[in-house]
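Undergrad: Each residue of the sequence shown is one higher than the last, beginning at 1 in full-length UniProt numbering. Positions of the beta carbon are idealized from the N, C-alpha and C atoms, including for glycine.
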Amino acid sequence: MQGKERVILVARKDPNEEEKRFNSSLEELQSLTETADGDVCKVITQKRDRVHPATYLGEGKLEEIKAAALETEAELIIFNDELTPGQLRNISDKVERRVLDRSQLILDIFASRARTKEGKLQVELAQLQYLLPRLAGQGAELSRLGGGIGTRGPGETKLETDRRHIRRRIDDIKKRLNSVVKQREQYRQRRKENRAFQIAIVGYTNAGKSTFFNRVTESDSYEENLLFATLDPLTRQMSLPSGFQALISDTVGFIQDLPTTLIAAFRSTLEEVTEADFILHMVDASHPDHLQQEKTVLRLLDELGAGQLPMLTVYNKKDLLREDFIPETYPSLTVSVHDRIDLKRILDKIEVVLKEEWHEYDVFIPASEGKRLQQFKKFSMIISMDFYEDKEGYALHGFIHPDHPLKHQIL
Numbered sequence: 001m002q003g004k005e006r007v008i009l010v011a012r013k014d015p016n017e018e019e020k021r022f023n024s025s026l027e028e029l030q031s032l033t034e035t036a037d038g039d040v041c042k043v044i045t046q047k048r049d050r051v052h053p054a055t056y057l058g059e060g061k062l063e064e065i066k067a068a069a070l071e072t073e074a075e076l077i078i079f080n081d082e083l084t085p086g087q088l089r090n091i092s093d094k095v096e097r098r099v100l101d102r103s104q105l106i107l108d109i110f111a112s113r114a115r116t117k118e119g120k121l122q123v124e125l126a127q128l129q130y131l132l133p134r135l136a137g138q139g140a141e142l143s144r145l146g147g148g149i150g151t152r153g154p155g156e157t158k159l160e161t162d163r164r165h166i167r168r169r170i171d172d173i174k175k176r177l178n179s180v181v182k183q184r185e186q187y188r189q190r191r192k193e194n195r196a197f198q199i200a201i202v203g204y205t206n207a208g209k210s211t212f213f214n215r216v217t218e219s220d221s222y223e224e225n226l227l228f229a230t231l232d233p234l235t236r237q238m239s240l241p242s243g244f245q246a247l248i249s250d251t252v253g254f255i256q257d258l259p260t261t262l263i264a265a266f267r268s269t270l271e272e273v274t275e276a277d278f279i280l281h282m283v284d285a286s287h288p289d290h291l292q293q294e295k296t297v298l299r300l301l302d303e304l305g306a307g308q309l310p311m312l313t314v315y316n317k318k319d320l321l322r323e324d325f326i327p328e329t330y331p332s333l334t335v336s337v338h339d340r341i342d343l344k345r346i347l348d349k350i351e352v353v354l355k356e357e358w359h360e361y362d363v364f365i366p367a368s369e370g371k372r373l374q375q376f377k378k379f380s381m382i383i384s385m386d387f388y389e390d391k392e393g394y395a396l397h398g399f400i401h402p403d404h405p406l407k408h409q410i411l
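This is how it looks when you write it as structure tokens:
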């Protein structure tokens, strides 16, 4: 498709909804649309108590949308909500334009940004499962228009629109995913057997997770000022200031009202969080709705069973904050991840939090037991290590995870 697709955004405001929350959600929809290569030419809102079961909004508002589409030459209408299959068809008939809901938009972005084999399969499965009940009346239209937001599958492919083909493709993807998931589980098991300490970076979309990940691992993860820049968990090794080695994973961004179908589709990415030993929660503190975003992440972590893990909250983008900013969570830091000094503060603080959670130890290791010494260096946080010639060995003082097998070697 040539150029950007012209888009009208539509949002219904519940009279009981806070203005700030509504505006923030609408801004997010605009960012999502721009991420999907859409050009927002108009925003239409309506205060309305209840959703119309057949057309979501009333007849008059749909006429207004149709007129606006003609006037602005918009090709696509995107609603800031999840629409039923019937609503999608009826609205499209009334406004004579392609219509997408928020979930389809998010799926489209996932599709364009999926990197790994598993990520692409997960995205396509979610897209097809979401599309199948919505196809009556849309299939021919999708085929006729040939492209655009909402019609793209992963890896520059076009989404299948034939019902029989879709069902076969869904079965095929599920089989292929089973083998991919098994491979990943084997890899995770090997990591667990190696007792590697794992840190997961979580946070809302565009909070600065990939930037931090790149700085501390010196990797070239896909970093861009767009929502959902990271779709597949990236895992790299990093060193904390004490020299302690950890694995750190960058994960896909969370979003308000993320449909459960998307959470299921990204089970592999989100499982990475549940496998972690420590959570680094990155918050865009400059965002007007950052408190709500913070709650969204914490709620989803709870749902995933990762809510009880040790966590450090990092309030990012301090250069854009008002002076009266007050952190909501403890332990926390307010930083800019572009600042080298602040990066060091984050790593230092991770060690402080771990020391509070871990077992403090003192142990003497004879110089002849080099392998054992290496184990302590690899799997514990050594604060001091002194060599005693008269005793021919090393006195270590440090901290170790309370469940680590090495703890049993400490008297």
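Per DSSP, what kind of secondary structure is residue 326 in: helix, strand or coil?
TA: Three-state DSSP puts residue 326 in coil, outside helix and strand.
Undergrad: Less than 7 Å separating the beta-carbons of residue 307 and residue 300?
TA: no
Undergrad: CA-CA distance, residue 363 and residue 234?
TA: 35 Å
Undergrad: In terms of alpha-carbon separation, which member of 61, 35 and 48 lies closest to residue 22?
TA: 48
Undergrad: For a minimum of 4 consecutive residues, which ranges assigned as the alpha helix (DSSP H) are wholly contained in the region 145-203?
TA: 163-193
Undergrad: Quick one: what does DSSP say residue 99 is sitting in, helix, strand or coil?
TA: strand
Undergrad: Taking C-alpha atoms, which residue in 356, 170, 205 and 239 lies nearest to residue 294?
TA: 205
Undergrad: Residues bridged to residue 366 by DSSP?
TA: 393
Undergrad: Mapping the DSSP letters down to three states, classify residue 261 as helix, strand or coil.
TA: helix
Undergrad: Just to confirm before moving on: does the CB-CB distance between residue 315 and residue 283 stay below 7 Å?
TA: yes
Undergrad: One question on the structure: do residue 11 and residue 80 come within less than 7 Å of each other, judged by their Cβ atoms?
TA: yes
Undergrad: DSSP three-state call for residue 86: helix, strand or coil?
TA: In this structure, residue 86 counts as helix in the three-state DSSP scheme.
Undergrad: By how many angstroms is the C-alpha of residue 347 removed from the C-alpha of residue 338?
TA: In this structure, the CA atom of residue 338 is about 14 Å from the CA atom of residue 347.
Undergrad: For the beta strand (DSSP E) containing residue 206, name the first residue and the last one.
TA: Premise fails: residue 206 is in no beta strand (DSSP E) and is neither H nor E.
Undergrad: From what residue to what residue does the beta strand (DSSP E) around residue 334 run?
TA: 332-334
Undergrad: At 3 residues or longer, and completely inside the region 35-70: list those beta strand (DSSP E) runs for me, N to C.
TA: 38-47
Undergrad: Helix, strand or coil: which one does DSSP assign to residue 110?
TA: Helix.
Undergrad: Compare the C-alpha of residue 36 against each of 16, 92 and 106 and name the closest.
TA: 106
Undergrad: Output the distance between the C-alpha atoms of residue 142 and residue 209, rounded to the nearest integer angstrom.
TA: Interpretation of residue 142 is limited by its pLDDT of 49, a score under 50 that renders its predicted location unreliable; no figure is taken from the coordinates.
Undergrad: Using the rule of at least 16 other Cβ atoms within 10 Å of the residue's Cβ for burial, across every protein chain shown, is residue 213 buried or exposed?
TA: Classification of residue 213: buried, given that the 10 Å Cβ count is 16 or more.
Undergrad: Just to confirm, does residue 78 get its C-beta within under 6 Å of one of the non-hydrogen atoms of the ligand COA?
TA: You won't find the ligand COA in this model; it holds no ligand whatsoever.
Undergrad: Taking all protein chains shown into account, decide if residue 95 is buried (16 or more other Cβ within 10 angstroms of its Cβ) or exposed.
TA: buried
Undergrad: To the nearest angstrom, how far is it from the Cα of residue 253 to the Cα of residue 45?
TA: For residue 253 and residue 45, the gap between their C-alpha atoms comes out near 27 Å.
Undergrad: Once DSSP output is grouped into helix, strand and coil, what is the label at residue 126?
TA: helix
Undergrad: Counting along the chain, where does the beta strand (DSSP E) carrying residue 419 start and finish?
TA: With the chain covering only 1 through 411, there is no way to say anything about residue 419.
Undergrad: Mark residue 352 as exposed unless 16 or more other C-beta atoms lie within 10 angstroms of its C-beta, in which case mark it buried.
TA: With fewer than 16 neighbouring CB atoms inside 10 Å of its own CB, residue 352 falls in the exposed class.
Undergrad: Specify the secondary structure class of residue 93 as computed by DSSP and reduced to three states.
TA: Three-state DSSP puts residue 93 in a helix.
Undergrad: Please report the distance separating the alpha-carbon of residue 159 from that of residue 151.
TA: A direct Cα-to-Cα measurement between residue 159 and residue 151 gives close to 5 Å.
Undergrad: Just how far apart, CA to CA, sit residue 1 and residue 359?
TA: Bear in mind that a pLDDT of 45 at residue 1, under 50, signals an unreliable position, so the number given afterwards is only what the model happens to contain. Distance between the alpha carbons of residue 1 and residue 359: 58 Å.
Undergrad: Please state the DSSP three-state secondary structure of residue 235.
TA: strand
Undergrad: Residue 13 by DSSP, collapsed to three states: which one?
TA: Here residue 13 sits in strand by DSSP.
Undergrad: Are three or more beta carbon pairs between the region 118-133 and the region 165-175 nearer than 8 Å?
TA: yes
Undergrad: Are the Cβ atoms of residue 85 and residue 134 separated by less than 7 Å?
TA: yes
Undergrad: Just to confirm, is the Cβ distance from residue 281 to residue 311 under 7 Å?
TA: yes
Undergrad: Are the beta-carbon atoms of residue 365 and residue 393 separated by less than 7 Å?
TA: yes
Undergrad: Considering just the uninterrupted stretch of the beta strand (DSSP E) at residue 248, what are its terminal residues?
TA: 245-250
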